[in-house]
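Peer 1: The sequence shown: position 39 = 39 (full-length UniProt numbering), numbered continuously.
Glycine included, C-beta positions come from ideal geometry on N, C-alpha and C.
Given the structure is predicted, the values throughout are model-derived calculations rather than measurements.
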Amino acid sequence: MNGRPVLFGSSLKNKGMGIQLSFQLLVAIITAILVLTALSMSRGISQAPKLVEKQTQISSLSSCNFYSGKWVFDNQSRPLYNGTNCSFMDDGMACQKFGRKNLNYLYWKWQPNDCDLPRNTMLLLISTGHHC
């Protein structure tokens, strides 16, 4: 109609190309999923010692006397939060939010005599039942 000859079977050839491309895309997606799964599994295996370490921390904390200890200055892992924008902090405790200049109080932590508290103590305390 527009001056070009119509080839018989050209639409079949285009459908075949579409199926071939769809198959190649499916193979690429499956390959990507397998690679990502293998990577995540290898990371899971390498992180297994961390789980054992956390279990050891939990068991050592279960025998810890949290009431016997002292306050120690720690400027390596502190402060754990920014008091000016912590939405969970009560205004009565938000010294920094209301202009306190001396912020050294943020660098003190409680250190029990019998054990060493890890940085993520709250999660461990909750899991051992010491939060009550």
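Going by C-alpha to C-alpha distance, which of Tyr105, Tyr107, Cys86 sits closest to Lys97?
Peer 2: Of the candidates Tyr105, Tyr107, Cys86, the one whose C-alpha sits nearest the C-alpha of Lys97 is Cys86.
Peer 1: Using a 10 Å radius around the Cβ and a threshold of 16 neighbouring Cβ atoms, would you call Ser63 buried or exposed?
Peer 2: Looking at its Cβ environment, which holds fewer than 16 other Cβ atoms inside 10 Å, Ser63 is exposed.
Peer 1: Rounded to whole angstroms, what is the Cα-Cα separation between Thr84 and Tyr105?
Peer 2: If you take the alpha carbons of Thr84 and Tyr105, they lie about 14 Å apart.
Peer 1: What three-state label does DSSP hand Leu117 in the structure shown?
Peer 2: Coil at Leu117, not helix or strand.
Peer 1: Here's a check: name, in chain order, each residue in its chain whose Cβ is nearer than 6 Å to the Cβ of Asn113, leaving out the five neighbours to either side.
Peer 2: So the qualifying residues of the chain are Ser68, Gly69.
Peer 1: Whose C-alpha, out of Gln76, Gln20, Ser22, Leu34, is nearest the C-alpha of Trp108?
Peer 2: For the residues Gln76, Gln20, Ser22, Leu34, the minimum Cα distance to Trp108 belongs to Gln76.
Peer 1: Looking at the secondary structure, which residues open and close the beta strand (DSSP E) in which Phe73 lies?
Peer 2: Where Phe73 is concerned, the enclosing beta strand (DSSP E) stretches over 69 to 73.
Peer 1: Taking Pro112 as part of the beta strand (DSSP E), name the residues at either end of that continuous run.
Peer 2: 108 to 112 is the span of the beta strand (DSSP E), which, as asked, contains Pro112.
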